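What follows is one structure encoded as structure tokens, with my remarks underneath.
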Ligand code: NAD
Ligand code: UDP
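Numbering (this note's numbering), first residue to last: 114 to 456.
Here's what the structure looks like:
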């Protein structure tokens, strides 16, 4: 069910962002599943600017047309309303498979659907990759390491996941997705890439995303209490979305089929993180404690030696620099909401 062909937006050609001119031969057709989500829409932007043809496919569970609106009507861009749990047929050269809820409240909202999306959705995309001989990259996650017993986490670590806990639908969903990638590579010769993505933030995160960065920034901007789950001694390491997008594109175009961690090793406790955001926003918010979340990993930090060696990749944007841009984004979003309410 394609939406894009129905949408004809009157827009002069020069009002699109600049795209690199390319010959037919060097222009790839690229499918991005989850293409209207937070990471997907940034990836779509970069691939479009590189001059490729991009098909953004999404079921709009957490994605929004608004995230890709700047490309609607562009001859190289297509927007497709589709759920990856159902097969999809198209001719493409590359598939970035990002479709999956990613924020704990979203993936726990319908755990069966989260598992179906990651298992059946990945089978469907691998079937497509096999038929059309496309290279396929899976957006896997640091969650496959579970509550890790070694720190930082290298790709060789097998993980520590509770199969029957509340995070299992996502963690095990992604673990089976990795297994499927390897099985299709071995048995069906599909050309695969596996990115293990660590906590990522930036503009275009949904206001109701529910992950820590958007929660804390929105709370701080509105002088509401900043909610720490548990004592705040747990750690995370946060990367800015532009670095992740560069890493995903480098990995796709590399020749490694090994899983590769993509993250920024700058590690903070959640308590330190709350204080930092409060200070950067200049907020009067109180910092309060909510009950600890079940199975919340106690520590997380990527070992990115492999990405450095195989992709010559490392994050370029410091966490603070990224936070400042993200704070400005959410400040604007809140202003726009106020204007809408007044109207
Ligand atoms: P997001 O929720 O903003 O984006 C996910 C997108 O997938 C949304 O547009 C959603 O509507 C779409 N989607 C969900 N189920 C679908 C289905 N059945 N069919 C079609 N589309 C579907 O989250 P995000 O942060 O942009 O995450 C993108 C990918 O990266 C996910 O696979 C996630 O697991 C992975 N990842 C993200 C992070 C992070 O910190 N952002 C960390 C690790 C892994
Ligand atoms: N967290 C928090 N307050 C919030 C949201 C999250 O203290 O309002 C904590 C959460 O318990 C976890 C960390 O922040 O320890 C990161 O949570 P997030 O949901 O962003 O991602 P996760 O890495 O857990 O998937």
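Note that the Cβ used here is the ideal one computed from N, Cα and C, for glycine as well. Keep in mind it's a predicted model, so treat the numbers as computed, not measured.
| Query | Result |
| --- | --- |
| Length at least 3, wholly inside the stretch 401-434: the beta strand (DSSP E) runs in chain order | none |
| Nearest residue (CA-CA) to residue 210, options 220, 221 and 232 | 232 |
| Beta-carbon spacing of residue 443, residue 334 below 8 Å | yes |
| Beta-carbon gap between residue 142 and residue 205 smaller than 8 Å | yes |
| Beta-carbon separation (whole angstroms), residue 248 vs residue 207, contact threshold 8 Å | 5 Å |
| Nearest residue (CA-CA) to residue 177, options 194, 186 and 163 | 194 |
| Reference residue 314, options 330, 302, 303 and 365, closest by Cα | 330 |
| Cβ neighbour criterion (16 or more within 10 Å) applied to residue 287 | buried |
| Any non-hydrogen atom of the ligand UDP closer than 7 Å to residue 224 Cβ | no |
| Residue 290 - partner residues in DSSP beta bridges | Partner(s): none; residue 290 has no beta bridge. |
| Assigned secondary structure, residue 203 (DSSP; H/G/I helix, E/B strand, else coil) | coil |
| Residue 310 Cβ short of 7 Å to the ligand NAD heavy atom set | yes |
| Residue environment, residue 273, which counts as buried when at least 16 other CB atoms sit within 10 Å | exposed |
| Residue list, Cβ distance to the ligand NAD heavy atoms smaller than 5 Å | 147, 149, 150, 151, 152, 171, 172, 174, 175, 176, 196, 197, 211, 212, 213, 215, 230, 252, 254, 310, 312 and 313 |
| Among 438, 239 and 276, the one whose alpha carbon lies nearest that of residue 296 | 239 |
| Three CB pairs or more closer than 8 Å across the stretch 344-354 and the stretch 407-422 | yes |
| Contacts around residue 284, its chain only, beta-carbon distance under 7 Å, and the 5 residues preceding and following it disregarded | 256, 257, 259 and 274 |
| Expected contact under 8 Å - CB spacing of residue 217 and residue 282 to nearest Å | Not really, about 10 Å apart at Cβ, beyond 8 Å. |
| Sequence ranges, alpha helix (DSSP H) only - wholly within the stretch 357-400, length at least 4 | 383-394 |
| Cut-off 6 Å between Cβ atoms - residues of its own chain near residue 426, not counting five sequence neighbours on either side | 360, 363 and 420 |
| Three-way DSSP call (helix, strand, coil) for residue 351 in this model | coil |
| Proximity test, residue 288 beta-carbon vs the ligand UDP heavy atom, cut-off 7 Å | no |
| Contact check, residue 164 vs residue 134, beta carbons under 8 Å | yes |
| Where the beta strand (DSSP E) containing residue 307 begins and where it ends | 305-310 |
| Contact test: residue 347 Cβ vs the ligand UDP heavy atom, cutoff 7 Å | yes |
| Between the CA atoms of residue 336 and residue 396 - distance to the nearest angstrom | 6 Å |
| Start and end residues, alpha helix (DSSP H) containing residue 333 | 325-334 |
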